[in-house]
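Here is the structure we will look at, set down as structure tokens.
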């Protein structure tokens, strides 16, 4: 009896590394634009606060509410974002707020008194506040595990770069074109994001 020696065949592991496609990366990068703009609007307004206060005819003591109302809007909506995105669907919720954010922002440029500015800034913060956690969620849901560190690095870069460059942009626009222009800066990035 002869036995045929069989050579073991090497079993190569299947390529399990998934790669996100162009569609996923476009969605993630659009989300990063939204997070960048939402955070930028905190600092860009703070740099121009004295001119805004003079433009709407309020004092220095009351002008702090212009920034505070935006932050309150963000603080209220950020924890509710998961609930609202489940109720209205992730896609619809982010698209609606992507459109509302620049609309409320542009409306702030036409505010004529402190009360109107506070309400509009609060609504702007409420619409913009969802863009931050939604961008983070997109990284975790649209990208495979192997590419999530790249997505998280882009997220970290966008949310740390925005407050660093915000005062410079706000000061430049206010000095050269008037304080109203800082509220129009969201229009083009929001259109790209949508």
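Numbering (my numbering), first residue to last: 1056 to 1249.
For every residue, glycine included, the Cβ atom is placed at its ideal position computed from N, Cα and C.
Keep in mind it's a predicted model, so treat the numbers as computed, not measured.
Simplified DSSP state of residue i, which is helix, strand or coil
| i | result |
| --- | --- |
| residue 1185 | coil |
| residue 1239 | coil |
| residue 1234 | helix |
| residue 1198 | coil |
| residue 1249 | coil |
| residue 1074 | coil |
| residue 1112 | coil |
| residue 1164 | helix |
| residue 1067 | Confidence at residue 1067 is low in this model, with a pLDDT of 42, below 50, so the placement of that residue should be treated as unreliable; the coordinate-derived value is given next. Correct three-state label for residue 1067: coil. |
Opening and closing residue of the alpha helix (DSSP H) in which residue i lies
| i | result |
| --- | --- |
| residue 1078 | 1077-1102 |
| residue 1116 | 1115-1143 |
Which listed residue (the options) has its alpha carbon closest to that of residue i
| i | options | result |
| --- | --- | --- |
| residue 1244 | 1075, 1087, 1077, 1080 | 1087 |
| residue 1185 | 1171, 1239, 1132 | 1132 |
| residue 1278 | 1124, 1100, 1090 | Since the first and last residues shown for the chain are 1056 and 1249, residue 1278 lies out of range. |
| residue 1090 | 1124, 1135, 1123, 1149 | 1149 |
| residue 1139 | 1215, 1182, 1210 | 1182 |
| residue 1111 | 1172, 1160, 1213 | 1172 |
| residue 1230 | 1079, 1078, 1107, 1202 | 1107 |
| residue 1122 | 1194, 1170, 1196, 1242 | 1170 |
| residue 1163 | 1151, 1116, 1124 | 1124 |
| residue 1080 | 1197, 1144, 1142, 1147 | 1197 |
| residue 1155 | 1076, 1077, 1093 | 1093 |
Test item: CB-CB of residue i and residue j under 7 Å
| i | j | result |
| --- | --- | --- |
| residue 1175 | residue 1166 | yes |
| residue 1095 | residue 1118 | no |
| residue 1237 | residue 1221 | no |
| residue 1098 | residue 1188 | no |
| residue 1082 | residue 1153 | no |
| residue 1128 | residue 1180 | yes |
| residue 1190 | residue 1216 | no |
| residue 1194 | residue 1177 | no |
| residue 1204 | residue 1073 | no |
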